[in-house]
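Numbering follows numbering that gives the first Met the number 0, in which position 164 of the sequence shown is assigned residue number 163; successive positions increment by one, without gaps. First the structure, in the form of structure tokens, and then the observations on it.
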Amino acid sequence: MALITDSGLIDIRDLLPFENDLLETADKERVELSAKTGLAVEEVRHQVEIELDRAGMEATSAGIAGFGLRNVVVTDTLRWWMHCHALYLIYLEAYGHQLNERFKAKQLLYAERGAKAKDTYLERGVGVVGNPLPRPAAPAIAAAPGTLAAANYYVAVSWVGANGRQSGLSPLTTFSANGLNTMSVNPNVAPGAATGWHVYVGSTAENLARQSLAPIAPGQVWVMTTAWNAAGPSFGAEQQPDVYLQPQRVFPRG
Numbered sequence: 000m001a002l003i004t005d006s007g008l009i010d011i012r013d014l015l016p017f018e019n020d021l022l023e024t025a026d027k028e029r030v031e032l033s034a035k036t037g038l039a040v041e042e043v044r045h046q047v048e049i050e051l052d053r054a055g056m057e058a059t060s061a062g063i064a065g066f067g068l069r070n071v072v073v074t075d076t077l078r079w080w081m082h083c084h085a086l087y088l089i090y091l092e093a094y095g096h097q098l099n100e101r102f103k104a105k106q107l108l109y110a111e112r113g114a115k116a117k118d119t120y121l122e123r124g125v126g127v128v129g130n131p132l133p134r135p136a137a138p139a140i141a142a143a144p145g146t147l148a149a150a151n152y153y154v155a156v157s158w159v160g161a162n163g164r165q166s167g168l169s170p171l172t173t174f175s176a177n178g179l180n181t182m183s184v185n186p187n188v189a190p191g192a193a194t195g196w197h198v199y200v201g202s203t204a205e206n207l208a209r210q211s212l213a214p215i216a217p218g219q220v221w222v223m224t225t226a227w228n229a230a231g232p233s234f235g236a237e238q239q240p241d242v243y244l245q246p247q248r249v250f251p252r253g
């Protein structure tokens with residue numbers, strides 16, 4: 000799972016199942032979707048930070064307890080809260096432009112859903128991981144000697160921890176093979192909790208398959224020396240919360 004401090008937590012495509020005409024509405028009402036999704040994430044982060052403070056795990060006690068915002072994992076319920084809050088902000092602005100009652104109804108709907116999502120999330124507590132793995136930046140990809148089949152390839156990487164759990168996937172990078180070359184993949188500097196990394200390659204953005212059999216050592220460049228393995232494992236085994244924090248209490252996972 001991603002961390003709440005990672006970038007790119009909301010993709011506009013994540014919101015389309017909620018509202019099929021979202022893109023059309025945003026274009027017509029001059030609502031900048033990326034700005035609203037970014038603001039939604041920041042506001043939810045702030046609320047989670049307040050909950051950490053109430054749990055005695057943030058601010059002055061963070062160094063003692065060992066948990067801060069960088070440890071918070073984005074669970075499905077937290078992501079639902081972010082999505083609802085983003086849609087609330089989008090329709091709040093859309094309503095403000097023309098005072099359209101349909102947008103007012105949408106604003107109220109997502110305010111209510113967002114409040115429910117927040118309550119559901121906090122009922123269990125803030126999920127944190129002891130050795131957080133931040134989402135990698137997009138890897139550096141370069142051509143190398145080889146004979147990879149001519150095609151456009153999509154590439155992403157993830158950090159791997161000592162327990163085999165992975166960070167969120169990096170942003171996608173593309174590589175165009177011409178049949179007379181292959182790709183080398185180089186991630187950025189590994190975070191302290193990473194013991195290795197995996198590389199995922201696909202012929203589309205949707206069919207990424209893991210190409211590394213075992214975690215690659217930090218600092219090592221990976222070169223694709225075989226044909227693309229479409230049957231490789233899909234992305235999984237993500238980091239999970241170690242504990243769930245509630246005000247003045249810590250509940251072990253399970």
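We put the CB at the ideal spot given by N, CA and C, even for glycine. Remember, it's a predicted structure, so these values are computed and weren't measured experimentally.
Worksheet item: Would you report the Cα separation of ASP10 and VAL154, rounded to the nearest angstrom?
Response: Residue mapping note: residue 10 aligns to position 11 of the sequence shown, counting from 1. Residue mapping note: residue 154 aligns to position 155 of the sequence shown, counting from 1. Whole-angstrom Cα-Cα distance: 18 Å.
Discussion item. Taking the beta strand (DSSP E) that LEU22 belongs to, which residues open and close that run?
Written reply: For the purposes of this step, residue 22 is taken as the residue at position 23 of the sequence shown. Segment 21 to 28 is the alpha helix (DSSP H) holding LEU22; no beta strand (DSSP E) there.
Worksheet item: How many angstroms separate the CA atom of LYS117 from the CA atom of ALA216?
Response: Locating residue 117 in the sequence shown gives position 118, counting from the first residue. Locating residue 216 in the sequence shown gives position 217, counting from the first residue. Cα-Cα distance, rounded: 39 Å.
Fill in: 7 Å CB neighbourhood of ASN187 in its chain, flanking five on each side removed
Position 188 of the sequence shown, counting from 1, holds the residue named residue 187. These residues qualify, in order along the chain: PRO135, ALA136.
Worksheet item: Less than 8 Å separating the beta-carbons of VAL128 and VAL72?
Response: Here residue 128 is taken as the residue at index 129 of the sequence shown, counted from 1. Here residue 72 is taken as the residue at index 73 of the sequence shown, counted from 1. Result yes, Cβ atoms of VAL128 and VAL72 sit closer than 8 Å.
Worksheet item: With respect to the alpha helix (DSSP H) encompassing VAL43, which residues constitute its N-terminal and C-terminal limits?
Response: Position 44 of the sequence shown, counting from 1, holds the residue named residue 43. Element bounds for VAL43: 32 to 53.
Worksheet item: For ILE11, is the beta carbon positioned less than 7 Å from some heavy atom of the ligand ADP?
Response: Here there are no bound small molecules, and the ligand ADP is not part of this structure.
Practice prompt. Evaluate contact between the segment 222 to 233 and the segment 170 to 190, counting only Cβ atoms and requiring at least three cross-stretch pairs below 8 Å.
Written response: yes
Worksheet item: Where ALA213 and GLY191 are concerned, what is the direct C-alpha to C-alpha distance, given to the nearest angstrom?
Response: As a first step, residue 213 is located in the sequence shown; it is residue number 214 there, counting from the start. As a first step, residue 191 is located in the sequence shown; it is residue number 192 there, counting from the start. Whole-angstrom Cα-Cα distance: 19 Å.
Discussion item. Checking 8 Å against the spacing of the C-beta atoms, do PRO138 and ASN185 come in under that value?
Written reply: Numbered from 1 along the sequence shown, position 139 holds the residue referred to as residue 138. Numbered from 1 along the sequence shown, position 186 holds the residue referred to as residue 185. In this structure, ASN185 lies closer than 8 Å to PRO138 by Cβ.
Worksheet entry | Secondary structure of TRP227, DSSP reduced to three states | Residue mapping note: residue 227 aligns to position 228 of the sequence shown, counting from 1. The answer is coil: DSSP assigns TRP227 none of H, G, I, E or B.
Worksheet item: How should GLY163 be labelled, buried or exposed, when 16 other C-beta atoms within 10 angstroms of its C-beta is the threshold for buried?
Response: Within the sequence shown, numbered from 1, the residue matching residue 163 stands at position 164. GLY163 is exposed by the Cβ-count criterion.
Worksheet item: So SER233 and ALA208 are in contact, right, with Cβ under 8 Å, and what is the actual spacing, rounded?
Response: Position 234 of the sequence shown, counted from the start, is the residue given in the question as residue 233. Position 209 of the sequence shown, counted from the start, is the residue given in the question as residue 208. So it is a contact: roughly 6 Å between Cβ atoms.
Practice prompt. Give the single residue among ARG123, ALA142, ARG69, THR194 whose Cα lies nearest to the Cα of VAL242.
Written response: The sequence position of residue 242 within the sequence shown is 243, counting from 1. The option with the nearest alpha carbon to VAL242 is ARG123.
Worksheet item: When DSSP builds the beta bridges, which residues end up paired with ILE89?
Response: As a working note, residue 89 is residue 90 in the sequence shown. When beta bridges are read from the DSSP output, ILE89 appears opposite no residue.
Practice prompt. Would you grab the beta carbon distance between MET81 and VAL43 for me? Rounded to a whole angstrom, and I think it's under 8 Å.
Written response: Locating residue 81 in the sequence shown gives position 82, where the first residue counts as 1. Locating residue 43 in the sequence shown gives position 44, where the first residue counts as 1. Between the beta-carbon of MET81 and that of VAL43 there is about 5 Å, and that keeps the pair under the 8 Å contact cut.
Item to complete: Put ALA192 into one of helix, strand or coil per three-state DSSP.
Response: In the sequence shown, the residue the question calls residue 192 occupies position 193. Correct three-state label for ALA192: coil.
Discussion item. Starting from PHE174, trace the alpha helix (DSSP H) in both directions and tell me its first and last residue.
Written reply: One-based indexing of the sequence shown puts residue 174 at position 175. From DSSP, PHE174 is part of no alpha helix (DSSP H) but of the beta strand (DSSP E) over 172 to 176.
Worksheet item: Excluding the five sequence neighbours on either side, which residues of its own chain have a C-beta within less than 7 Å of the C-beta of LEU15, listed in chain order?
Response: Here residue 15 is taken as the residue at index 16 of the sequence shown, counted from 1. These residues qualify, in order along the chain: LEU21.
Worksheet item: By DSSP, does GLY62 sit in helix, in strand, or in coil?
Response: By one-based count along the sequence shown, residue 62 stands at place 63. With a pLDDT of only 41 at GLY62, under 50, the local geometry of the prediction cannot be trusted, and the value read off the model is given with reservation. Of the three classes helix, strand and coil, the one that applies to GLY62 here is helix, per DSSP.
Item to complete: Label VAL200 either buried or exposed according to how many other C-beta atoms from any shown protein chain fall within 10 Å of its C-beta, with 16 as the threshold for buried.
Response: The sequence position of residue 200 within the sequence shown is 201, counting from 1. Buried, since its Cβ has 16 or more Cβ neighbours within 10 Å.
Discussion item. Whole angstroms are fine: how far does the CA of ASN151 sit from the CA of VAL40?
Written reply: Residue numbering aside, residue 40 sits at position 41 when the sequence shown is read from its first letter. Residue numbering aside, residue 151 sits at position 152 when the sequence shown is read from its first letter. Whole-angstrom Cα-Cα distance: 32 Å.
Worksheet item: Opposite VAL72 in the DSSP bridges: which residues?
Response: On the sequence shown, residue 72 is found 73 positions in, with the first residue counted as 1. Per DSSP, LEU2.
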